[in-house]
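S.K.: Structure in structure tokens, see below.
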Amino acid sequence: MELLNSISWVAVSFHTLAAVVVISALLVVFSRNIVHSVFWLAACFISLAGVFMTLNADFVAMVQVMVYAGAVCIMVVFAIMLIRRRDMGDTNLFNGQTVAAAGVVALVIMLSGFLSFKSGVVVPPGPVPVNQVDSIATAMLTKYVIPFEVAALLLLVALIGAIFLAKEVKADADSDS
Amino acid sequence: MDGFPFLTAILLAPVAAALIMVFIPRDEGKLIKCIAAIGTFVSLALSLYVYFSYDQSVGGLQFVERIPWIRDLGVSWFMAVDGISLPMLLLTNLIGFAAVFASWNVNNRPREFFILFMLLVTGVMGTFIAHDLFIFLLFYEVVVIPIYIMVIIWGSSKRVTKEYAGMKLTIYLLIGSAFLLVGVIAMFMKSVGIMGHPDMSFTALAEAGKQLSAFDQKWLFGLMLFGFGSLISMWPFHSWSPDGYAGAPTAVSMIHAGVLKKIGGYGLIKIALVFMPLGAQFWAPVMAVLGVAGVTYAAFGALAQKDLKYIVGYSSVSHMGYVMLAIGSFNLIGINGAVANMFGHGVMAALFFSTIGFIYEKTHTRWIPDMGGLARQTPRLAVAFMLAAMASLGLPGLVTFIPEFTIFVGAFEVYGGLAVIGIAGIILTALYVLRAGANTLFGPPRDEYNHLEDIHGPEMVPLVVLGTVLVVGGLMPSLLFDMINSGAKDIMAHVADVLKIGGVL
Amino acid sequence: MVEFALHNAWLVPLLPALAFVIIIFLTKPWPALSGLVSVGGMLTSCFFASLAAYGVFTNHKYAEEPLVYATRWFSAGDLKIDVGIQLDPTSAMMIFMVTLVSSLIFIYATGYMKGDPGYSVFFSYLALFGSSMLLLVLSSNLLQMFVAWELVGLCSYLLIGFYTHKISAREAAKKAFVTCRVADFGLLLGILSLQIVFGTLNLTELAEKINNFDQYTTMGMMTLMAVLVFIGPIGKSGQFPLHVWLPDAMEGPTPVSALIHAATMVVAGVYLVGRMMFLFHEVPSAMELVAITGAFTALFAASIAITQREIKRILAYSTVSQLGYMMLALGVGSLTASMFHLWTHAFFKALMFLGAGSVLHALHDKADVWKMGGLIKKMPITGYTFMIGCLAIAGIPPFAGFWSKDEILLAAFDNGNYVLFTMAAITAFMTAFYMWRLFFLAFMGEEKAENHPHESPWNMTLPLVVLAFFATVGGLVGTPWAPVWGEWIFFGHPHHVEPNYLIMVGSVVLGMAGIYLAYTLYLADKEKARAHALAKQYRFLHNLSFNKFYIDEIYLWFNHSIVDGAARLFYLFDIYVVDGILINGIAAFTRLSGEGLRVAQTGRLQNYALVFFLGVLALAVVLAFTDPATAFGLMTGGAK
Amino acid sequence: MLTLTVSLYHYLILSAVLFGIGLFGVLSKKNAISVLICIELMLNAININLVAFNKYMTPGDFVGQLFAIFVITVAAAEVGVGLAIIIAIYRNKLSVNLDDFDWLKW
């Protein structure tokens, strides 16, 4: 019991979730089948939502699940289906610069890890407010209302753009000729 | 002086002519040429007036016009003339006027040709009368573009294509100006540091130059030497000259060999030497060696040529070697000789190129083995050719001899044996010039040229104008030398002044 | 009037120059008028020259101190050059001789050139030629002299190459100019060093300063200057080894040859050395050089002349030889003898050249003496005047050449250099031989049937007669018994020589022997069998002499192989190294580096991203491991 | 004994690793869709940072979370447009292999 008490459940869940995140992310990259990649991506997103929970960011976690695990993954799956092939094996291969990329990435990780420790951020103590959704909603609709609206506009434009781009071009070709 | 802005008027007359031409229908070739002639003539007449009303006993800068322009950079519209810029200004106008008539038979887009030509002349004149470093560079850049376009459109392709020639010419000019620009900016920054306020005028910069450290002077002069050196076709930065002249249309060759090249020598004397006397002293032997190398090398180069324009192209490199040698001799006699030689060579080269232009126009060849006996069929052309040839080999009695002699005196005093090698160039010059003349003009006449018309009417103008200057300047060298001496002695006095201070420091 | 001429002697060169200008700009379309202007100009000039000469020779103070008037020509810094007139007995004698001989030649040319399409131009050139020579003679300044010197060269170029359509004329003209140019290079260097060392080029001032030259310079420098100055006359006066242009100069019309060989141009060199005696006098080694060059040239040219076939070529080599004499005289220190020979030579050589011209005129330019013969019967005036010339040059008293040649031999003998004396004596013998060989072959003997000679018109024969007169009596002004000449024209102190009868008789004997030898070989022997046999027997020597010791070939080879080779080498260097490697190399480097870097543009986004992150990494490293201020400085290039 | 704690640095390391994996995928995958997916991973890594900093540095404020939400929004839009582009290209080239898309090379 003492042992149990001494274990911070937040810490445990963080480490577990982090492990899942990293492993599933690795699987996203290393799967040879693109469909598998997308599944691992969904797993990664969901566990990331858990990570957000450990950070007391419930709302973000929820959005994460809805937008990423839900919308984005589904969209990607649709796209894959549009570009369908009979055999989905070997659809997700590495290109010629894998080794170089690995080197650069290793350096990036080392450097950012080093910088994280070097930065010496002092964490100020302080209570974490509980009623977060309220606060976020208030902030978003008062102080950040313009970015909010701009984001909405962006989504609209992206929607129209996506439709326009993905539309069949045959009609255009006809009208051109 | 008396209020009327002569120098600006001289500068703007061709511009005005160009502006009028814009409104003339393109097929009115005759009218366009007449306007060009009038524009350049106005400039010529005014500059003659200025030349002869310049007070040599007073010396210094005269006909000064000074209007502040960009105050933060200390730039002002500072136009003035002294004993060094006046001969150059006069030369530009003489050649500009003659070149219009040498191009009398340009019938391919005459309007564009003459508009560009007017701009070219204006740019060259501007460099000689501007006494503000910024304006000087401005006019220098004005020159580059018309030349490029004119070579590309109206040039001729022989050993190299005209596109190559134009490109080479332009890139060289730009490289020269790049060196120059770095030097000028550095000089300006240093001068701001010394004076405490920006001022781009030559006079202020010369004063500031007195306080430049010896080290600064050396590297600044080095930059300017290579900038101006590639302009004056200093060996080994000369190879644009033969190709460029060969590709360029007659008028451009005339202006280019006649005066544009001289901007290099003029700049070396009036800018580099005056601003950085210690640097000049340091670099003087280098200039002399490069000068002598240029003289001999280019003379041999000319000897191997069979294309008339190449011969004159190489010969002008060779003659500019003398100018470099003279500046390198770093004494008053040498500077006198350098400026006078630039004048003499300018007149001579212009006459040469105009003659070759006419020969080419009439025979459609510049290849010497294809010619011969032209003296019988086109005697006036032969006279012009021989006059230019004799001036080229420095015949006494023509305007080129006394300057060369002066240079030899100045250089021989300082460099002895080195100068002897340079002076030996006169033998080679005689050899190639006479060979070209003999093979072109003399010998049995060729039947295919029997129908040739000799030059007549407007085509005579270059011969008359430039020939007169050649002879008069040769018989009365004091007309030229008194003027140059009045400018050169000021410069050398200033230089001696600075050297004395430098010695103390 | 005499005073006016004395003080306005600049009119003497100016009048012919004016004639030149008038002909070129005004009277060119009317040949007869042009000829008149030219002759008129020269005659007027001759008139003034005579007056001036009269003025000088009646006032002995001019022999001590020359009459000089000058004006500033130009100045550049310390370099101050004057132009002016220097009248002393030497120059007075020269202007008289030049204007007189020139006038006669001009008159002759009016007949000789009749009908030539370039008649007017020819006379304008002649006038300019005379004017330049007169300017040279009267110059008070070395640079002015050089100017005239070069102008003389230019005129000779124009006149030698007057028949522009002939390739040989063109080449000869070029050769003359370039050869002289080579020599002028030396002269110019000499003038430059004089200017630099002594700070003046005015002859009188130079003479004073050189008198005590040790204040200014060393003996070595003096020797150098003297030798450099002497190079000019070597070229102009056709001394060995730069004599090659002179024989070729006969490509011009004959009056030109006469003018070049007798009165103007070639004697300019001798005159210059004479004028510069004050320099040479101080430098014994230079004097020796002058003497040796002169003696050698005299002998050398004579040995070529004895085998030549063309009439003008023989005369040309005889000129070279006689100029050698004059140089020899200068070299042994006798300005008097040299100028005396110059004076007499001008008359008899002009006479012979004009005579040769008359012959060529009659024979339609057939120049080979072997194809002539018996001309004296059909052309008596030409023939007999020519004979007078031959007598004069052979040194037969009382003709002019005898006195001057005798003077030179005497001067050489007195100088004590017996080798030079012997060379001069041998030359005298050879001269008599080859001149009379020419005379016997061309004028005596049998007439050739294919020739139809006729006597020339009066305006050609009149000058011959006048010149013959001077060639006969011209030497009497300087006989050993009445040395008027030496009283006036001397260097240092008046020249008095005791008549040396041994040398006098000896030189006459040598001349007679030469004539006799020529007589036996070429006139008495109708078939010329012995002459041919001799030529065959000494084939090698004959060929050597006939081919002028192959000097022209050597020069030609040098010019074509060495100079042109070097030129080609330089040009190839320019095209392939300076242009090809250096200039186009830089251009090619720019282009190639572009080509090379182009490959980096793979078009693959992921490549770019990779490099991009590498850059970000580098930047991050810089930012992470350096002090922020330094990092900022690094990125902004040090600007504050 | 092993004390299992969690601090800002843990989150930063996780973020760095996730970012690195995503970057690796972006740089080395052939399939365009896969690259798009990996970009999402990178964006998520950023989100971790934003939210973690929010919690540890400015607990009373929600700017970090707000920013994360905006990032998610933009990411969603980006995926939409990106996929549309990939489909459009696929229609022309019948390939989603990025190695084939090098028309902009030299």
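Which chain is which? The protein sequence lines are S, P, Z and D, in order. Just so you know, the first sequence maps onto residues 1130 to 1306 in my numbering. Just so you know, the second sequence maps onto residues 9 to 513 in my numbering. Just so you know, the third sequence maps onto residues 116 to 755 in my numbering. Just so you know, the fourth sequence maps onto residues 923 to 1028 in my numbering. Even for Gly, the Cβ is constructed at its ideal location relative to N, Cα and C. If you're wondering where the values come from, they're calculated on a predicted model, not measured in any experiment.
Check whether chain Z comes within 8 Å of S/A1231, counting only Cβ atoms and requiring the distance to be less than that.
M.R.: If you number the first sequence from 1, residue 1231 of chain S lands on position 102. No, S/A1231 lies away from the interface with chain Z (no Cβ there is under 8 Å from its Cβ).
S.K.: Leaving out five residues on either side along the sequence, give the residues of the same chain with a beta carbon under 7 Å from the beta carbon of P/K497.
M.R.: On the second sequence, position 489 is the one that residue 497 of chain P refers to. The residues are L340.
S.K.: Going by the CB atoms, is the gap between Z/G629 and Z/W518 shorter than 8 Å?
M.R.: To locate residue 518 of chain Z, count along the third sequence from 1; it is residue 403. To locate residue 629 of chain Z, count along the third sequence from 1; it is residue 514. No, the Cβ-Cβ distance between Z/W518 and Z/G629 is not below 8 Å.
S.K.: Does the Cβ of P/Q225 have 16 or more other Cβ atoms within 10 Å, making it buried, or fewer, making it exposed?
M.R.: Counted from its first residue, the second sequence places residue 225 of chain P at position 217. Under this definition P/Q225 is a buried residue.
S.K.: Under the rule that 16 or more other beta-carbon atoms within 10 Å means buried, what is P/L233, buried or exposed?
M.R.: Start at 1 with the first residue of the second sequence, and residue 233 of chain P comes out as number 225. Here P/L233 is buried: its Cβ has 16 or more other Cβ atoms, across all protein chains shown, within 10 Å.
S.K.: Since Z/V714 meets chain S, which of its residues come closer than 8 Å, beta carbon to beta carbon?
M.R.: The residue you call residue 714 of chain Z lines up with position 599 of the third sequence. Residues of chain S passing the Cβ test: none, with the nearest at roughly 15 Å.
S.K.: Is the Cβ of Z/A341 closer than 8 Å to any Cβ of chain P?
M.R.: Against the third sequence, residue 341 of chain Z aligns to sequence position 226. Cβ-Cβ to chain P under 8 Å: no for Z/A341.
S.K.: What residues from chain D crowd round Z/T717, counting only those whose CB sits closer than 7 Å?
M.R.: As a first step, residue 717 of chain Z is located in the third sequence; it is residue number 602 there, counting from the start. Those are D1024, K1027, listed as they occur along chain D.
S.K.: Which same chain residues, not among the five before or five after S/D1303, have their C-beta less than 7 Å away from its C-beta?
M.R.: Mapped onto the first sequence, residue 1303 of chain S falls at position 174. With a pLDDT of 46 at S/D1303, under the threshold of 50, the modelled position of this residue cannot be trusted; read the value that follows with caution. There are no such residues.
S.K.: Is it buried or exposed, P/V114, if we count other Cβ atoms within 10 angstroms and call 16 or more buried?
M.R.: Against the second sequence, residue 114 of chain P aligns to sequence position 106. P/V114 should be labelled buried.
S.K.: Count the other CB atoms, across all protein chains shown, that sit within 10 Å of the CB of Z/A168; report buried if there are 16 or more and exposed otherwise.
M.R.: Here residue 168 of chain Z refers to the residue found at position 53 of the third sequence. Burial call: buried.
S.K.: Any beta carbon from chain S within less than 8 Å of D/I968's own beta carbon?
M.R.: Numbered from its first residue, the fourth sequence carries residue 968 of chain D at position 46. No, no contact with chain S.
S.K.: Kindly indicate the opening and closing residues of the alpha helix (DSSP H) around Z/K493.
M.R.: To locate residue 493 of chain Z, count along the third sequence from 1; it is residue 378. Looking at the DSSP string, the run of the alpha helix (DSSP H) that includes Z/K493 is 490-493.
S.K.: Indicate whether P/I155 and P/L177 have their beta-carbon atoms separated by less than 8 Å.
M.R.: By one-based count along the second sequence, residue 155 of chain P stands at place 147. By one-based count along the second sequence, residue 177 of chain P stands at place 169. A contact, by the Cβ cut-off of 8 Å.
S.K.: Given this structure, state the Cα-to-Cα distance separating P/L449 from Z/D197, to the nearest angstrom.
M.R.: If you number the second sequence from 1, residue 449 of chain P lands on position 441. If you number the third sequence from 1, residue 197 of chain Z lands on position 82. Their Cα atoms are separated by approximately 36 Å.
S.K.: Along the chain, where does the alpha helix (DSSP H) containing Z/A639 start, and where does it finish?
M.R.: Locating residue 639 of chain Z in the third sequence gives position 524, counting from the first residue. Where Z/A639 is concerned, there is no enclosing alpha helix (DSSP H), given that its DSSP letter is neither H nor E.
S.K.: Quick check: the Cα distance between P/G433 and P/G329, rounded to an integer number of angstroms?
M.R.: Here residue 433 of chain P is taken as the residue at index 425 of the second sequence, counted from 1. Here residue 329 of chain P is taken as the residue at index 321 of the second sequence, counted from 1. C-alpha separation (whole angstroms): 10 Å.
S.K.: With 16 other CB atoms within 10 Å as the buried threshold, where does S/W1169 fall?
M.R.: Along the first sequence, read from residue 1 onward, the residue named residue 1169 of chain S stands at position 40. Buried, by the Cβ-count rule.
S.K.: Taking 8 Å as the cut-off, does the stretch 25-45 of chain P touch the stretch 67-83 of chain P (at least 3 CB pairs, one atom from each stretch)?
M.R.: no
S.K.: The stretch 273-295 of chain Z: which residues have C-beta closer than 7 Å to a C-beta of chain P, in chain order?
M.R.: Listed in sequence order: G276, T279, H280, I282, R285, K289, F292, V293.
S.K.: Within 8 Å (strictly less), CB to CB, does D/V948 reach chain Z?
M.R.: The count along the fourth sequence starts at 1 and reaches residue 948 of chain D at position 26. At a cut-off of 8 Å between beta carbons, D/V948 contacts chain Z.
S.K.: Out of Z/V267, Z/W551, Z/T279, state which residue places its alpha-carbon closest to the alpha-carbon of Z/D231.
M.R.: Along the third sequence, read from residue 1 onward, the residue named residue 231 of chain Z stands at position 116. Closest by alpha carbon: Z/T279.
S.K.: Here's a check: name, in chain order, each residue in its chain whose Cβ is nearer than 8 Å to the Cβ of P/A390, leaving out the five neighbours to either side.
M.R.: Here the question's residue 390 of chain P lines up with position 382 in the second sequence. Contacts found: L382, A383, L449.
S.K.: Using a Cβ cut-off of 8 Å, which residues of the stretch 1159-1172 of chain S contact any Cβ in chain D, in chain order?
M.R.: I1163, S1166, V1167, L1170
S.K.: Measuring CA to CA, which of D/S937, D/L963, D/A938 is closest to D/G947?
M.R.: If you number the fourth sequence from 1, residue 947 of chain D lands on position 25. Selected option, being the one with the closest Cα: D/L963.
S.K.: Under 8 Å between the Cβ atoms of P/G104 and P/G495?
M.R.: Looking up residue 104 of chain P in the second sequence gives position 96. Looking up residue 495 of chain P in the second sequence gives position 487. No. Outside cutoff.
S.K.: Return the first residue and the last residue of the alpha helix (DSSP H) that P/Y62 is part of.
M.R.: Along the second sequence, read from residue 1 onward, the residue named residue 62 of chain P stands at position 54. It is not in any alpha helix (DSSP H) - P/Y62 carries neither H nor E in the DSSP assignment.
S.K.: Let me know the secondary structure DSSP gives Z/L182 once reduced to three states.
M.R.: One-based indexing of the third sequence puts residue 182 of chain Z at position 67. Looking at Z/L182 - three-state DSSP - the assignment turns out to be strand.
S.K.: So what does S/F1223 bridge to, in DSSP terms?
M.R.: Position 94 of the first sequence, counted from the first residue, corresponds to residue 1223 of chain S. S/F1223 has D/K951 as its beta-bridge partners, per DSSP.
S.K.: Quick check on the burial criterion: 16 or more other C-beta atoms within 10 angstroms. Buried or exposed for Z/Q423?
M.R.: For this step, residue 423 of chain Z is matched to residue 308 along the third sequence. Per the 10 Å Cβ criterion, buried.
S.K.: Please classify S/M1382 as buried or exposed, where buried requires at least 16 neighbouring CB atoms within 10 angstroms.
M.R.: It is not possible to answer for residue 1382 of chain S, since the shown part of chain S is limited to 1130 through 1306.
S.K.: Consider the Cβ of Z/A739: report whether some Cβ of chain S lies at a distance smaller than 8 Å.
M.R.: As a working note, residue 739 of chain Z is residue 624 in the third sequence. Output row for Z/A739: interface = yes.
S.K.: Please classify P/I92: does DSSP put it in a helix, a strand, or coil?
M.R.: The count along the second sequence starts at 1 and reaches residue 92 of chain P at position 84. Coil, per DSSP.
S.K.: Please classify S/M1239 as buried or exposed, where buried requires at least 16 other C-beta atoms within 10 Å of its C-beta.
M.R.: Looking up residue 1239 of chain S in the first sequence gives position 110. Classification of S/M1239: exposed, given that the 10 Å Cβ count is below 16.
S.K.: For the stretch 218-285 of chain Z, list the alpha helix (DSSP H) runs that are entirely contained and at least 4 residues long, ordered along the chain.
M.R.: 234-253, 257-275
S.K.: So who's on the other strand from D/N1019, going by DSSP bridges?
M.R.: For the purposes of this step, residue 1019 of chain D is taken as residue 97 along the fourth sequence, with counting starting at 1. In the DSSP assignment, D/N1019 forms a beta bridge with D/N953.
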